[in-house]
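The structure under discussion appears below in the form of structure tokens.
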Amino acid sequence: MAFADFLVTDDLTILLGLITASVFLLYNLYKPQSLVHPILLGRQSDIGRVRNPGESALHRNYGTGLMGMFPKRPARDVQTLLDLVKPEFDAPRTLWSTKISNPQLKERIATFGTGLLRAGLTRDSNVLLLLNDGIEFLITDFALASHSIPSFTLSSPSLLSSVLDSHPPTAIVIDAGSLASVLELIYDTNELSHHVVIVVGEPDSQTIRAAKHIKLVRWEDIEAEGRTGAPLTSPTPGSHPAPSSVNDVFTVSFFQDASGQPQAVQLTHENITAGVTAVRALLPLSNPLSGLDTIVSAHSLSTAFGRSVAYTAIYEGASFATCDSTRLFKADEALSGLSDFFSLKRYALPSPTIAFLRPTHLDSLVSSINSTAKGHFLFPLAWRQKHAGIIEGYSTKEGLWDRLVFEGARSKVMGEGAATLRAVVVSGEPLPAALLTPARIGLSIPLVVAHTHPLVAAPIFASHPHDLQTFAHADEDVAHVGPPVVNVETKLVGVDDAAIERGEDPVGVLHVRGPVVGRVLADGSEQGSKEEVWASTGHRARAQTNGSFKVWIAEK
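In short: position in the sequence shown from 1, add 1, done, that's the working numbering.
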């Protein structure tokens, strides 16, 4: 038989060959490509070549490198808090329910600062902020910082008694609705005659009668006093504080550690400007934050990270608001999940585009979306197809299955936010790893999983927004939180040297340092030297081979 006989074909053979080739080409052409090259996700940290006994090697963000300088400010001309309010951004934006431009905001800050000086505050004063998140908090915080008057903030009202005893403030700024609940504690202090209580809002007559031995001043009157332009009465040395510098401590944040013990951290202007720099770097450069965004947060301004999120919105000219769960004195302790997220609807705010949430919010939101989507008869097929795309490193909310199944479910649950929300940053507590895939399918937008700590003005770790990997260990059920952010250096202490020599991942207590890390106060005094020192978070962590981390709040 001649060789040519083997090449004889009929029309059916040719047709089948063309169909096979077409299917092969279409499969490869339309197969979703990973949003991030695997090489980038395989080396997310720059890891030191040496380590000390009992410690892991040093880890830095791969983009910063071990020899790189930590970025400390979002722009060269940003030195202090007030520099974050860029005067060239004159377009109005909404802060909670107040529409205001940057020039108007700066004018109100200057006016309120002048009013505080006329009220007798000096650089030697300190002011306790018992305010719920709102524009009054922002104006007060900026005004105090611009005159180098330190402020105190509390992450929990349970800390109030100890702070009044150990750090009696010169003045207290408080919401009218919270005044009655703290009057008794104020009366119990030995510094009663020194307290000036500035009240935001109008307290009821019963509260005013109960506060007859305390000097009450309305917040609006302080602002009005600063607007009069009259000269200061009885000026005293220090009534005109020197301008702030980057290393000035502008606030002391009080919080409770994992064991419930009260702790405090000093935060400088540089800590917050570095925090803003890190928060801005959480999202990809291809779609950065801008003045067109509306940023919402479930993190209180009384915390270091909550402040950085708020001041990032201020710097970008974006609209901003916080959930009701950030209130210091909560009317409803059970408020969480969807009800807390939807509490933002009471503000005259554009629909949110970037959300900084806690795991409870994400869980409630995703569960509601996916439960609603299950009512569609194509849900099982849509879930399988989207899950297959995630395994390939690809996710989108513009695909066929989203239009058919998930888009309607999102709209029913989130309303207008379903179309505008473009990224979620979740932090505050460990995120269950089992929630990652449902969240990526249900929301189909970039999801950043971060790890925060009260000592640090930015996340310590944050995953790449397009990192769709999952990692599993037999003894762990928490999601990975990515590598260190751009201006943090980390190491693990108390690791098993023998296990590391065997090639196992190091596990130990997380220590951090960098410009976003505040300085701990111990027994009312500053801990350590003026040089940058390592701070222990008390959290256990695992450094994975690719440079990402897993963190537990409590020791296992």
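Note that the Cβ used here is the ideal one computed from N, Cα and C, for glycine as well.
Owing to the predicted nature of the structure, the values given are computational and were not obtained by experimental measurement.
Name the two residues that bound the continuous alpha helix (DSSP H) containing residue i.
i    : result
R119 : 103-119
R228 : 220-228
A499 : 498-502
S368 : 360-374
V518 : No alpha helix (DSSP H) holds V518; DSSP gives it neither H nor E.
V164 : 161-167
L493 : Run containing L493: none in the alpha helix (DSSP H); it sits in the beta strand (DSSP E), 490-494.
T141 : 136-147
S206 : 206-211
If you run the structure through DSSP and keep just helix, strand and coil, what is residue i?
i    : result
G418 : helix
K216 : strand
R328 : coil
F256 : strand
F321 : strand
S156 : coil
W384 : helix
K100 : strand
F342 : helix
F558 : Any property of residue 558 remains undetermined from this structure, which presents the chain solely from 2 to 557.
E56  : strand
F378 : coil
P238 : Its pLDDT being 38, under 50, P238 is placed unreliably in this model, and the coordinates cannot settle the point.
V79  : coil
V457 : strand
P39  : helix
R404 : helix
K557 : Note that K557 scores a pLDDT of 42, beneath 50, so its modelled location is shaky; the value from the coordinates is reported in the next line. DSSP places K557 in coil when its eight states are reduced to three.
I15  : helix
K413 : helix
D84  : helix
Y348 : coil
G276 : helix
Y395 : coil
R281 : helix
CB-CB under 7 Å to residue i, same chain, minus the five flanking residues each way: which ones, in chain order?
i    : result
G394 : S35, L36, V37, L469
A627 : Residue 627 is absent from the model: the chain starts at 2 and stops at 557.
I223 : F113, G116, L117, A120, I199
V247 : Q80, T81, T269, H270, E271
D524 : The predicted model places D524 with a pLDDT of 48, which falls under 50 and marks its position as unreliable, so this point remains unresolved.
K531 : For K531, the pLDDT reaches just 48, beneath the cut-off of 50, and the residue's location in the model is therefore unreliable, leaving the point undetermined.
P439 : V367, N371
R228 : T112
T546 : D506
Can you tell me where the beta strand (DSSP E) holding residue i begins and where it ends?
i    : result
H512 : 508-514
G539 : 536-544
A451 : 448-452
V479 : Per DSSP, V479 belongs to no beta strand (DSSP E) and is neither H nor E.
V297 : 295-298
So, for residue i: in the same chain, excluding its five sequence neighbours on each side, which residues have a beta-carbon less than 8 Å away from its beta-carbon?
i    : result
L186 : L161, S162, L165
W535 : K492, H512, V513, R514
L436 : P360, L363, D364, V367, A480
Between which residues of its own chain and residue i is the CB-CB distance below 6 Å, once the five residues before and five after are set aside?
i    : result
T429 : In the sequence as presented, Thr is not what sits at residue 429; that position holds Gly. Result list for G429: R359, in chain order.
G519 : V266, Q267, L268, N272, L456
L302 : D134, F138, R308, A311
S644 : Nothing about residue 644 can be reported from this structure: the residues present for the chain run from 2 to 557 only.
A181 : T208
I442 : K387
V297 : A322, L345, P353, A356
N488 : F71, P72, A275, A279, G515, P516, V517
T538 : H454, L511
Which residues does DSSP pair with residue i in a beta bridge?
i    : result
P439 : Paired residues: none, contrary to the question.
K551 : R543
P485 : F462
A172 : V128, V197
V250 : T269
R61  : D47
P263 : Q257
A181 : For A181, which the question treats as bridged, DSSP gives no partner whatsoever.
R94  : I101
P433 : V479
A356 : V297, V425
Taking Cβ positions only, does residue i come closer than 8 Å to chain B?
i    : result
S298 : Note that chain B does not occur in the displayed structure, where there is just one protein chain.
Checklist entry - Counting pairs of beta carbons, one from the segment 107-121 and one from the segment 72-91, are three or more of them closer than 8 Å? => result Yes: at least three Cβ pairs fall under 8 Å.
Next on the checklist: Would you call the segment 252-262 in contact with the segment 63-79, where contact means no fewer than 3 C-beta pairs closer than 8 Å?
Outcome noted: The segment 252-262 is not in contact with the segment 63-79.
Item to check | Contact the segment 346-359 vs the segment 313-326: 3+ CB pairs below 8 Å | outcome: The segment 346-359 is in contact with the segment 313-326.
Item to check | At least three beta-carbon pairs within less than 8 Å, the segment 449-465 to the segment 399-408 | outcome: Contact between the segment 449-465 and the segment 399-408 is absent, because fewer than three Cβ pairs lie under 8 Å.
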